[in-house]
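Numbering (the numbering used here), first residue to last: 1 to 676.
Heads up, the beta-carbon is just placed ideally off N, CA and C, and yes, glycines get one too.
Working notes, beginning with the structure itself.
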């Protein structure tokens with residue numbers, strides 16, 4: 001019988017030391033933002049940091065600047081001006097830096113973009129393309145899944161921003177109106193995101209190939225209720241058609257979470273056992289995939305399904321694909337829940353501390369490389385063992401499926417009841433650590449690195465009365481039940497725009513999972529009676545049981561998106577390498593071990609658009625090859641909407657989905673996930 005202790009205590013200590021080291025190393029910003037004082041009505045700058053100049057002009061002249069932080073990082077300007085022509089002089093100073101301003105005097109709003117001349121097609125064609133990035137105005141962090149809308153012939157069009165904060169739209173002549181501040185016409189865009197003030201801005205044709213920055217000002221709207229937004233606006237280039245959930249708005253026992261809030265959606269329900277996960281459209285719970293920054297997480301919750309495995313404070317947003325997923329996603333039968341970790345502040349170093357009745361947590365973030373990059377570290381650890389605020393011992397006993405306490409017979413007995421035990425002490429810990437680095441180049445390419453580690457350590461002690469046949473006697477034995485799991489994931493991603501029409505994504509990473517379960521008094525049905533009907537007199541045998549599960553996934557994926565007219569085409573591949581090990585000690589399989597390695601190779605092609613104005617079409621095909629067993633499968637995806645802009649629209653779809661690894665379920669026990 002293998003002994004299981006708390007092997008991850010040392011791992012937790014190393015994780016905490018790593019967080020402290022990263023915090024100490026990154027807290028010193030080599031290019032702090034500095035201000036410069038000026039007399040009233042005049043602006044005088046001598047080699048002043050551009051970021052502080054923009055802040056000063058905003059405060060004194062009342063103009064709000066929209067810019068990407070990487071464009072202003074490390075740059076300085078020198079000029080003098082009065083209030084009336086400060087923007088003209090600033091624009092002249094920026095020309096030497098390869099930048100220029102687009103001023104909207106009506107809104108007191110200024111776009112600061114790269115000085116990329118417009119192509120002939122962009123200037124004179126029937127359509128022109130816009131590529132932009134949506135960001136938080138205070139800290140410069142990306143805002144995935146925002147909505148960008150505009151009007152054509154009085155009808156509302158829109159697209160959803162992707163998971164990296166980018167959007168690409170094709171503007172038709174009907175949307176282009178006269179432009180008061182630049183020749184060639186422009187379009188009015190409305191950009192919105194839950195929790196932020198909607199931004200209205202005008203983009204002119206002569207913005208050329210520049211990336212349009214959109215900075216949204218936070219607006220506190222958070223409440224205790226669950227907020228499930230409507231489907232994102234379906235537009236011609238909408239490649240992220242899915243439902244969205246705000247992370248962190250459901251708070252069981254003081255901890256924010258998403259998993260339980262999914263029950264508000266149609267066809268989604270919790271499994272009978274909390275730890276078993278979610279059943280979506282009748283699929284088994286192991287058909288529901290959870291991704292964190294593109295990598296699979298193999299245990300989705302802490303402490304028997306009570307809490308999410310992630311700290312909601314560092315989650316930017318959550319995308320749920322549970323209907324017909326795009327072919328760019330693997331799309332198992334139960335759907336995909338894709339978490340996106342937010343990046344750190346691009347402007348200043350700051351942190352936060354928090355506490356609930358179950359855990360304490362802290363987050364620290366800030367810029368590096370003079371504002372071209374950012375870092376973020378966050379940790380959470382439970383204190384159930386230190387503060388028993390709601391009878392945590394009983395919670396652990398129920399979670400580990402330890403039998404109910406029953407009076408132990410003191411005199412001679414003819415048959416020992418299965419429930420004859422006395423429960424003892426219990427302990428439980430859960431923890432998770434998140435980290436993220438992001439770096440951006442002026443041309444728009446962006447590199448991110450994300451890391452996660454989390455796990456549980458649970459123990460419940462008891463004493464059970466057993467029949468010792470060799471001694472022809474009964475006696476009490478120490479009967480411990482333990483369940484530990486640990487999941488670590490790391491990913492690196494590179495996103496590169498090519499003009500306003502093409503965008504590539506490359507990502508790689510790994511996810512390592514380990515779980516152990518042991519029960520000294522596992523109740524077996526007598527092996528000699530397994531084939532007989534179960535009756536009230538069926539004999540049970542109390543013997544030890546334990547298992548151990550290891551899983552390693554290594555992933556490499558690439559995707560390219562190309563805008564063509566009123567459509568977006570996406571193509572790519574994903575390679576997965578799996579190593580799985582399962583070990584078991586039981587009266588049926590002593591010393592059992594199964595190991596296997598396998599490669600999964602997927603390729604996909606996806607198209608989204610409108611072949612005719614009254615029809616929205618999303619069609620894709622994904623192929624799967626799984627080395628173990630030599631399986632080759634097709635997953636077609638098709639979705640059609642008729643009259644998508646009308647007050648009444650309808651549609652339909654078809655998809656086929658596959659999964660290649662599965663969970664193992666053990667009867668009479670509650671345990672961490674086991675993958676085979």
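Unbroken beta strand (DSSP E) stretches of 3 residues or longer found wholly inside the stretch 564 to 643: 567 to 585, 592 to 612, 615 to 626, 631 to 642, given in chain order. Contact between residue 142 and residue 165 holds: CB atoms are separated by about 3 Å, below the 8 Å threshold.
Contact between residue 567 and residue 608 is confirmed by a C-beta separation of about 6 Å, below the 8 Å threshold. Distance from the CA of residue 543 to the CA of residue 161, rounded to the nearest whole angstrom, comes to 56 Å. In this structure, residue 549 places its C-beta atom within 8 Å of the C-beta atom of residue 582. The Cβ atoms of residue 593 and residue 546 do not sit closer than 8 Å to each other.
Per the coordinates, the alpha-carbon of residue 362 lies some 43 Å from the alpha-carbon of residue 628. Considered as a whole, the stretch 79 to 148 harbours 86 to 95, 120 to 124 as its complete alpha helix (DSSP H) runs of no fewer than 4 residues, in chain order. In terms of Cβ geometry, residue 507 and residue 296 do not form a close pair [threshold 8 Å]. DSSP, reduced to helix, strand and coil, places residue 314 within a helical segment of the structure shown. Rounded to the nearest whole angstrom, the C-alpha separation of residue 91 and residue 99 is 8 Å. The Cβ neighbour count for residue 475, taken over all protein chains shown within 10 Å, is under 16; the residue is labelled exposed.
Contact annotation, residue 328 with residue 604: C-beta distance approximately 6 Å; criterion of less than 8 Å satisfied. DSSP places residue 292 inside the beta strand (DSSP E), whose first and last residues are 289 to 292. For residue 425, no alpha helix (DSSP H) segment is defined; the enclosing uninterrupted segment is the beta strand (DSSP E) at 421 to 440.
According to DSSP, residue 549 shares a beta bridge with 515, 582. A straight-line Cα-Cα distance of about 19 Å links residue 631 and residue 663. In this structure, residue 378 sits near residue 311, with a CB-CB distance shorter than 8 Å. Annotation for residue 54: 65 place their beta carbon closer than 6 Å to its own, counting only its chain and skipping 5 residues before and after. The beta carbon of residue 650 sits closer than 6 Å to those of 642, all from its chain and outside the five residues before and after it, given in chain order. Here residue 675 is bridged, per DSSP, to 663. Taking C-beta atoms under 8 Å as the contact rule, residue 74 and residue 370 qualify, at a distance of about 4 Å. Annotation for residue 492: 449, 508 place their beta carbon closer than 6 Å to its own, counting only its chain and skipping 5 residues before and after. A direct Cα-Cα distance of roughly 21 Å separates residue 157 from residue 570. If you draw a straight line from the Cα of residue 619 to the Cα of residue 610, it comes to about 11 Å. According to the DSSP secondary-structure assignment, residue 346 is paired through a beta bridge with no residue. Residue 201 and residue 109 do touch by the CB rule: their CB atoms are close to 6 Å apart, below 8 Å. Between residue 115 and residue 95, the C-beta gap is smaller than 8 Å, which places the two residues in contact. Residue 374 has its alpha-carbon roughly 7 Å from the corresponding atom of residue 343. Per the C-alpha coordinates, the member of 47, 103, 71 positioned closest to residue 61 is 103.
Rounded to the nearest whole angstrom, the CA to CA distance from residue 82 to residue 151 is 38 Å. For residue 187, the secondary structure class from DSSP, reduced to helix, strand or coil, is strand. Straight-line spacing of the CA atoms in residue 84 and residue 192 works out to 32 Å. If you look at residue 69, you'll find it in the alpha helix (DSSP H) that goes 69 to 72. Judged by DSSP secondary structure, residue 169 falls within the beta strand (DSSP E) whose first and last residues are 166 to 171. Per DSSP, reduced to three states, the secondary structure at residue 219 is coil, with no helix or strand assignment.
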